[in-house]
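Residue 385 is where the sequence shown starts when you use our numbering, and the numbers rise one by one after that. Using N, Cα and C, we set each Cβ at its ideal position, and we do this for glycine too. Every value quoted in this text rests on a predicted model; they were computed, and no experiment measured them. Data first, discussion second: the structure below is written as C-alpha cells.
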Amino acid sequence: MRAVRWHGKKDVRVDTVPDPEIVNPRDAIVRVTSTAICGSDLHLYNGMIPTMQAGDILGHEFMGEIVALGSSVGNLQIGDRVVVPFTIACGQCFFCEKTLTSLCDNSNPADNQDIAEALMGHSPSALFGYSHMLGGYAGGQAEFVRVPFADTGCFKVPAHLSDDQVLFLSDILPTGWMAAENADIERGDTVAVWGAGPVGQFAIRSAFLMGAERIIAIDHRPGRLALAAEAGAETIDFETVDVMAALAETTGGRGPDRCIDAVGMEAHGLAIDNIADRTKQAVGLATDRPHVLRQAIVACRKGGTISMPGVYGGLVDKLPMGAFVNKGLTLKTGQTHVHRYMQPLLARIESGEIKPDVIISHRLPLEDAPGAYDDFLNRQDEFTKVVLQL
Ligand code: NAD
Ligand code: ZN
Numbered sequence: 385m386r387a388v389r390w391h392g393k394k395d396v397r398v399d400t401v402p403d404p405e406i407v408n409p410r411d412a413i414v415r416v417t418s419t420a421i422c423g424s425d426l427h428l429y430n431g432m433i434p435t436m437q438a439g440d441i442l443g444h445e446f447m448g449e450i451v452a453l454g455s456s457v458g459n460l461q462i463g464d465r466v467v468v469p470f471t472i473a474c475g476q477c478f479f480c481e482k483t484l485t486s487l488c489d490n491s492n493p494a495d496n497q498d499i500a501e502a503l504m505g506h507s508p509s510a511l512f513g514y515s516h517m518l519g520g521y522a523g524g525q526a527e528f529v530r531v532p533f534a535d536t537g538c539f540k541v542p543a544h545l546s547d548d549q550v551l552f553l554s555d556i557l558p559t560g561w562m563a564a565e566n567a568d569i570e571r572g573d574t575v576a577v578w579g580a581g582p583v584g585q586f587a588i589r590s591a592f593l594m595g596a597e598r599i600i601a602i603d604h605r606p607g608r609l610a611l612a613a614e615a616g617a618e619t620i621d622f623e624t625v626d627v628m629a630a631l632a633e634t635t636g637g638r639g640p641d642r643c644i645d646a647v648g649m650e651a652h653g654l655a656i657d658n659i660a661d662r663t664k665q666a667v668g669l670a671t672d673r674p675h676v677l678r679q680a681i682v683a684c685r686k687g688g689t690i691s692m693p694g695v696y697g698g699l700v701d702k703l704p705m706g707a708f709v710n711k712g713l714t715l716k717t718g719q720t721h722v723h724r725y726m727q728p729l730l731a732r733i734e735s736g737e738i739k740p741d742v743i744i745s746h747r748l749p750l751e752d753a754p755g756a757y758d759d760f761l762n763r764q765d766e767f768t769k770v771v772l773q774l
C-alpha cells in the first residue's frame with residue numbers, strides 16, 4: 385500500500401510499504417477514505433517530538449471502511465463506515481472506565497511505556513502515528529491502517545453525512561470542544577483564544593455554544609482570523625497590535641475570564657521571550673516555546689481559567705508562576721478524550737449546529753502529502769486545513 389512516512393525533520397515521503405494485518409483479536413483493518421494533516425503533525429514535521437524513527441507512518445485523523453476484523457470484535461461488520469479517534473484506548477482500564485481515554489493504561493505497549501515513564505512519570509495512551517514513546521503505531525495517512533481495540537476505537541457514522549462532515553470527529557472537533565469545556569465557561573464570559581488554527585476555530589465555535597458572550601481570537605494569519613470573525617469572534621493580529629494591552633483595554637482592565645492556548649509549543653512571533661526560547665532551543669537548553677501560555681497567565685482575570693489544548697512536549701522555562709498562584713488561576717489540559725465526545729458531537733453535526741467542513745481549505749490526493757505538509761507549515765494563511773482523499 386501507499387503511506388505517508390516520516391524520514392526526518394521536514395522530510396515526509398509517500399512510500400510503498402506492506403499492508404497491515406490483524407495481529408490481535410480486537411483489531412480491525414480500515415481502508416482509509418479521508419485523512420487530515422493536524423497541527424500536531426507539524427510538531428513531528430519540525431522534529432520537535434522525541435522518539436520518532438525514520439520510516440514511521442504518520443497520521444492520526446482518519447476514517448474509512450472496515451475491510452477485516454479480528455475474531456473477538458462483535459459490534460462491527462466488514463463494510464462499516466467508521467471514524468477512528470486519534471487516542472488509542474482499551475475501554476476497560478481504570479482510566480477508560482472514567483472516560484479519560486487519552487490516559488488509557490493499556491494501549492501503549494510495555495516497552496514504549498518505559499520511554500514515556502522515563503520522560504513523564506507515567507505513560508498516557510498511545511496515539512496513532514505519533515512517536516515511539518506514544519506507542520509506535522502506524523498512522524492513518526495511508527491506504528490501510530490497523531486499528532487496535534477496534535470495538536471501542538471505531539465509531540460508526542451514518543451514510544447521509546459526507547467524509548468532510550464527520551472526519552474531524554477523529555480529533556480536532558472534540559479537541560476544540562474539550563478546550564472550551566476545560567475553560568469552565570459561564571454564561572456571559574469573555575474568552576480569549578490564542579491560535580486561530582483548526583483547534584482554535586472549533587474552540588471558538590464550541591465556546592459560543594457553551595454561553596460565551598465575547599470571544600477574542602489572537603493570531604497573525606489574516607485568513608484564519610477572518611474565519612474566526614465569521615464565527616462571531618473579535619480578532620487581534622499580534623503582529624500589529626500589543627496583545628496584552630488590547631486584552632486589558634477591551635475587558636475594562638479586568639482581563640478575559642477564560643483563556644485558551646490553542647497554539648502550544650511552537651509559538652510564532654518576535655516577542656523577546658519567544659526569541660530567548662528559540663535561542664535556548666537551538667542549544668538544547670529548552671524544548672518548548674511557552675510564549676502563549678505566559679501571555680495567557682498574565683492576561684487572564686483573577687480567579688479565571690486557562691485551558692490548554694495546545695501540545696507541549698517537554699520542559700518550559702520562565703513560567704510566571706507567581707501570577708498563576710497569586711491570581712488564583714486554574715489550568716486544565718490534556719490530549720483529548722476523543723471517545724467521550726464523538727456521539728454528542730455527531731448529534732450536533734446532524735442537527736446542523738456544528739458545521740465542521742467550514743475549516744477545510746484544501747482537498748488533495750495522498751500522493752501530494754509532502755507538498756501539503758510544507759504548505760500547511762509555511763502557507764498557513766491559505767492552508768487552514770488539508771484533507772487527503774483516497
Ligand atoms: P495550527 O498549527 O494549524 O495552528 C496554530 C495557530 O497558532 C496558527 O494559526 C498560528 O499562526 C497561531 N499562532 C502561532 N503563534 C501564535 C502566537 N504567538 N499567538 C497567537 N497565535 C499564534 O495547529 P492546530 O491544528 O490548530 O493545533 C493547535 C495546537 O493544538 C497544536 O499545538 C496541536 O498540537 C494541538 N492539538 C492538541 C490536541 C489535543 O488533544 N490536546 C489535538 C489536536 C491538536
Ligand atoms: Zn491532531
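Residues of its chain near residue i, where Cβ-Cβ distance is below 8 angstroms and the 5 sequence neighbours each way are ignored
i, result
"glycine 687", "Lys711, Gly712 and Leu713"
"asparagine 408", "Gly454 and Pro532"
"proline 704", "Arg678, Ile681 and Val682"
"glycine 595", "Ile569, Glu570, Arg571, Gly572 and Asp573"
"histidine 427", "Ile433, Gly648, Met649, Glu650, Val695 and Gly697"
Contact set for residue i: own chain, Cβ-Cβ below 6 angstroms, skip 5 residues either direction
i, result
"phenylalanine 760", "Ile421, Phe767 and Val770"
"glycine 604", "According to the sequence provided, residue 604 is histidine. The question's glycine does not apply to it. Cβ neighbours of histidine 604 beyond the five flanking positions: Asp621, Phe622 and Glu623."
"arginine 598", "Thr574"
"glycine 520", "Asn496"
Of the residues the options, the one placed nearest residue i, counting alpha carbons only
i, options, result
"glycine 698", "Ala563, Gly668 and Arg678", "Gly668"
"histidine 391", "Arg673, Thr635, Gly581 and Leu442", "Leu442"
"alanine 494", "Cys477, Glu623 and Ser507", "Ser507"
"glutamine 773", "Asp548, Gly513, Asp425 and Gly694", "Asp548"
"arginine 389", "Asp440, Pro640 and Gly736", "Asp440"
"glutamate 475", "Ser486, Cys684, Gly524 and Val467", "The displayed chain sequence assigns glycine, not glutamate, to residue 475. Ranking Ser486, Cys684, Gly524 and Val467 by Cα distance to glycine 475 puts Ser486 first."
"aspartate 425", "Thr417, Ser418 and Met436", "Met436"
"valine 700", "Arg685, Phe708 and Gln665", "Gln665"
"glutamine 525", "Ala632, Ala630 and Phe446", "Phe446"
"serine 456", "Ser509, Ala534 and Asn430", "Ala534"
"phenylalanine 708", "Arg685, Pro693, Phe539 and Gly718", "Arg685"
"valine 695", "Phe512, Thr559, Pro404 and Ile499", "Thr559"
"serine 554", "Ala543, Gly448 and Leu748", "Gly448"
"histidine 746", "Pro402, Thr419, Cys643 and Asp641", "Thr419"
"phenylalanine 470", "Pro404, Gly537, Thr483 and Gly423", "Gly537"
"serine 776", "Phe586, Ala580, Val466 and Arg608", "Residue 776 cannot be examined here, being either before or after the span of the chain that is shown, 385 to 774."
"arginine 415", "Ala543, His675 and Val529", "Val529"
"methionine 692", "Lys702, Ala629, Ala670 and Gly718", "Gly718"
"serine 509", "Met385, Phe539 and Phe478", "Phe478"
"glutamate 501", "Ile743, Thr663, Leu518 and Leu557", "Leu518"
"valine 468", "Arg410, Leu503, Phe552 and Ile659", "Phe552"
"tyrosine 514", "Gly458, Ala438, Glu565 and Ile733", "Ala438"
"threonine 417", "Gly458, Ile406, Gly463 and Gly431", "Gly463"
"isoleucine 743", "His544, Val401 and Phe586", "Phe586"
Where the beta strand (DSSP E) containing residue i begins and where it ends
i, result
"lysine 716", "714-717"
"valine 529", "528-531"
"glutamine 773", "770-773"
"valine 396", "395-400"
"phenylalanine 470", "Counting along the chain, phenylalanine 470 falls outside any beta strand (DSSP E), and DSSP gives it neither H nor E."
"threonine 689", "689-692"
"glycine 697", "Note, glycine 697: premise wrong, no beta strand (DSSP E); not H, not E."
"phenylalanine 552", "Segment: none, phenylalanine 552 is in no beta strand (DSSP E) and carries neither H nor E."
"glutamate 449", "445-453"
"isoleucine 743", "Careful: isoleucine 743 lies outside any beta strand (DSSP E) and carries neither H nor E."
"isoleucine 602", "598-603"
Continuous alpha helix (DSSP H) stretch holding residue i: start and end
i, result
"cysteine 480", "478-481"
"phenylalanine 512", "Element bounds for phenylalanine 512: n/a, residue is neither H nor E."
"proline 728", "722-734"
"phenylalanine 586", "582-593"
"leucine 611", "606-614"
"serine 424", "423-429"
"methionine 436", "Element bounds for methionine 436: n/a, residue is neither H nor E."
"aspartate 758", "753-762"
"histidine 675", "675-683"
"aspartate 626", "Per DSSP, aspartate 626 belongs to no alpha helix (DSSP H) and is neither H nor E."
Rounded Cβ spacing between residue i and residue j (contact assumed at less than 8 angstroms)
i, j, result
"valine 583", "alanine 610", "At roughly 17 angstroms, the Cβ-Cβ gap does not stay under 8 angstroms, so valine 583 and alanine 610 are not in contact."
"histidine 516", "asparagine 490", "Histidine 516 to asparagine 490, Cβ: 17 angstroms. No contact."
"leucine 729", "tryptophan 561", "6 angstroms"
"leucine 460", "alanine 412", "6 angstroms"
"alanine 804", "threonine 689", "An answer regarding residue 804 cannot be provided, because it is not within the stretch 385 to 774 covered by the chain."
"glycine 607", "aspartate 403", "Not confirmed; about 38 angstroms, so no contact."
Same chain only: Cβ atoms within 7 angstroms of residue i, ignoring 5 sequence neighbours per side
i, result
"aspartate 741", "Asp548 and Gln549"
"tyrosine 429", "Lys394, Val396, Tyr757 and Leu761"
"alanine 632", "Gly639"
"isoleucine 588", "Val577, Ile599, Ala601, Ala612, Ala615 and Ala617"
"cysteine 480", "Ala473, Cys474 and Cys488"
"glycine 581", "Gly423, Arg608 and Ala646"
**Validate contact between the stretch 720-730 and the stretch 649-657 using beta carbons, cut 8 angstroms, 3 pairs** = no
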